[in-house]
Amino acid sequence: MEFKRAVGTRRTTRYYQAWRPVEKEKVQKILHAARLQSHHGNAQEVRKAVVITKGETPDAVRDGLIDAVYNQPQAHQAPVAIVWCTDMAGWEPLRPTLLKLIESGSLTSSYGWSEEFVDSVVMKTPDFNVLAGDVEFAKWLSAFECGLGVGSALLAATDEGLGTGLVTGRREQIRELLKMPESVIPTQIQLVGYSAESTEAGGQRPRPDFEDLYFDGTWGTSYGNDESVVAELSDAGMIQAAAPLPHRKAELRALAGMFGLPE
Ligand SMILES: Cc1cc2nc3c(=O)[nH]c(=O)nc-3n(C[C@H](O)[C@H](O)[C@H](O)COP(=O)(O)O)c2cc1C
């Protein structure tokens, strides 16, 4: 799928074909999309995930996860759940990962990068070596890093023709269930499966106006939202018809009937 169309077609899917498994290679591709995302200092071991698969992972573990995500119906239906985590221990190899970036020609001597610079400046500056500073900032940055990867993973699932969406859960319960070490914090759970909804899923979900979110030069001065660019993005499938589409109520009634849920 073309990039702009993948961005525009992604929805939080809330109804899945519970009977249809997801090919393992599709899950693998989703994980790769997260792995290749950018990361501060390339300390890629901060974002990790555990995949829970219906029919493969023991039922007790999958049931425990469904319970931990407040028994949201879509978690019962989706055959795959990816539990995205941050691992604070993943910051520890920051120095070698920076040195590898120098060796690989990514961080260059023209910009002052050297082993000596890494040791004397970077490792001593909390904004760069987050373990040298405030733990709250380190946790915040770790969540940011994880979110970057998850954003790609959501788009990769859409690109594979799958439904996907995030759900929130009780983090401590999930940590214990999946036997995670102390350094690991579960963040959000990405559900993956074939969508039981139409691709439009009722239309693109509401967003605030562009002008109210993005500023030019100074806070509060709207960045221009050129109509011709909006038209180009609409043609490319990034901007799609806004929810609710006229048939959405009927679609939701049909889905409720299919899954035996109240309307
Ligand atoms: C971090 C995060 C947690 C979310 N948790 C839930 C959830 O527990 N249950 C749910 O139905 N949707 C959840 N969502 C989905 C949002 O409600 C959804 O993204 C939002 O309504 C916009 O819709 P869209 O993703 O289709 O554009 C979550 C989204 C994010 C980013």
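At position 115 of the sequence shown the residue is numbered 115 (the UniProt record's numbering), and the sequence of numbers has no breaks.
The beta carbon of each residue, even a glycine, is placed where N, CA and C say it ideally should be.
Bear in mind that the values here come from a model prediction, so they are computed numbers and not experimental data.
Exercise. When we look at the beta-carbon of D159 and count the other beta-carbons within 10 Å, is it buried (16 or more) or exposed?
Worked result: Here residue 159 refers to the residue found at position 159 when the sequence shown is read from its first residue. Classification for D159: buried.
Exercise. Using the beta-carbon count (16 or more within 10 Å), is Y16 buried or exposed?
Worked result: As a position in the sequence shown, residue 16 is number 16, starting the count at 1. Result: buried.
Exercise. So, do the stretch 223-237 and the stretch 3-15 have three or more beta carbon pairs nearer to each other than 8 Å?
Worked result: These segments touch.
Exercise. Is the Cβ-Cβ distance between L155 and A33 less than 8 Å?
Worked result: Locating residue 155 in the sequence shown gives position 155, where the first residue counts as 1. Locating residue 33 in the sequence shown gives position 33, where the first residue counts as 1. Yes. Within cutoff.
Exercise. For H247, is the classification buried or exposed, using 16 other Cβ atoms within 10 angstroms of its Cβ as the cut-off for buried?
Worked result: On the sequence shown, position 247 is the one that residue 247 refers to. H247 should be labelled exposed.
Exercise. Taking one C-beta from the stretch 84-104 and one from the stretch 123-136 each time, how about it: are there three or more such pairs within less than 8 Å?
Worked result: yes
For this session: Using the DSSP secondary-structure output, state which residues sit across from R47 in a beta bridge.
Result: Taking the sequence shown and counting its residues from 1, the one referred to as residue 47 is at position 47. Bridge partners of R47: T86.
Exercise. Could you give the distance in angstroms between the alpha-carbon of P206 and the alpha-carbon of R11?
Worked result: Mapped onto the sequence shown, residue 206 falls at position 206. Mapped onto the sequence shown, residue 11 falls at position 11. The alpha-carbon atoms of P206 and R11 are separated by roughly 11 Å.
For this session: Could you tell me whether the Cβ atoms of T86 and S142 are closer together than 8 Å?
Result: Walking along the sequence shown from the start, residue 86 turns up at place 86. Walking along the sequence shown from the start, residue 142 turns up at place 142. Yes, Cβ-Cβ distance for T86 and S142 is below 8 Å.
For this session: Name the two residues that bound the continuous alpha helix (DSSP H) containing I66.
Result: On the sequence shown, residue 66 is found 66 positions in, with the first residue counted as 1. Its alpha helix (DSSP H) spans residues 59-68.
For this session: Decide if L177 is buried, meaning its Cβ has at least 16 other Cβ atoms within 10 Å, or exposed.
Result: Here residue 177 refers to the residue found at position 177 when the sequence shown is read from its first residue. Label assigned to L177: buried.
Problem set entry | Beta-carbon spacing of residue 267, L191 below 8 Å | Residue 267 lies beyond the stretch modelled for the chain, which goes from 1 to 263, so this question has no answer here.
For this session: Would you mind reading off the limits of the alpha helix (DSSP H) that contains L177?
Result: Along the sequence shown, one-based indexing puts residue 177 at 177. Here the alpha helix (DSSP H) through L177 covers 171-177.
Exercise. Cβ-heavy atom distance between R14 and ligand 1 below 7 Å?
Worked result: Indexing the sequence shown from 1 puts residue 14 at position 14. The answer is yes for R14.
Exercise. Where G133 and T125 are concerned, what is the direct C-alpha to C-alpha distance, given to the nearest angstrom?
Worked result: Mapped onto the sequence shown, residue 133 falls at position 133. Mapped onto the sequence shown, residue 125 falls at position 125. Taking the straight line from one Cα to the other gives about 8 Å.
For this session: Look at the alpha carbon of A43 and the alpha carbon of V22, and state the distance between them as a whole number of angstroms.
Result: Locating residue 43 in the sequence shown gives position 43, counting from the first residue. Locating residue 22 in the sequence shown gives position 22, counting from the first residue. Each residue's alpha carbon lies about 30 Å from the other.
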